[in-house]
Amino acid sequence: MKATENFTAERITALVAILAGTLAALLAVHVGTGIGNTIGAAFLAYVATIVAVAVKVPLQLVKVVTASGRGTIIAVVITAIVLIGIAKAFRGLA
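Under the numbering used here, the first residue of the sequence shown is numbered 55, with each subsequent residue one higher.
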């Protein structure tokens with residue numbers, strides 16, 4: 055089995071969508087939005103990325119969601135909140 059066999063279009067799309075959701079969540083938390091808006095921003099970026107790629111490349115959307123894993127968006131939002139909290143704590147110490 056070659057390493058390139060593991061990198062399907064669905065898995066790459068899932069990775070890019072998760073990264074886009076993470077960046078959207080980090081930006082939303084940094085701006086100071088609430089938890090609901092942060093989840094909404096992350097989910098919207100995730101879905102928009104998948105749709106944008108699916109327009110250009112034929113994908114099996116079930117495989118994209120499966121490659122993302124369960125609870126990925128929730129984990130992204132929690133990670134964003136924790137990272138911003140740590141950054142604010144360090145700023146408070148200085």
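A virtual CB, placed ideally from N, CA and C, is assigned to each residue, including glycine.
In this structure isoleucine 128 is exposed. Its beta-carbon is surrounded by fewer than 16 other beta-carbon atoms within 10 angstroms.
A direct Cα-to-Cα measurement between glutamate 64 and leucine 80 gives close to 24 Å. Taking 8 Å as the upper bound for CB-CB distance, leucine 98 and threonine 67 are not in contact here, some 16 Å apart. Between threonine 62 and lysine 117, the C-beta gap is smaller than 9 Å, which places the two residues in contact.
Alanine 134 is not a Cβ neighbour of tyrosine 100, given a cutoff of 9 Å. In the three-state reduction of the DSSP assignment, arginine 65 falls in the helix class. Alanine 96 places its beta carbon 9 Å or farther from that of valine 136.
Under a 10 Å Cβ-count criterion, alanine 71 is classified as buried, with 16 or more other Cβ atoms of the shown protein chains found around its own Cβ.
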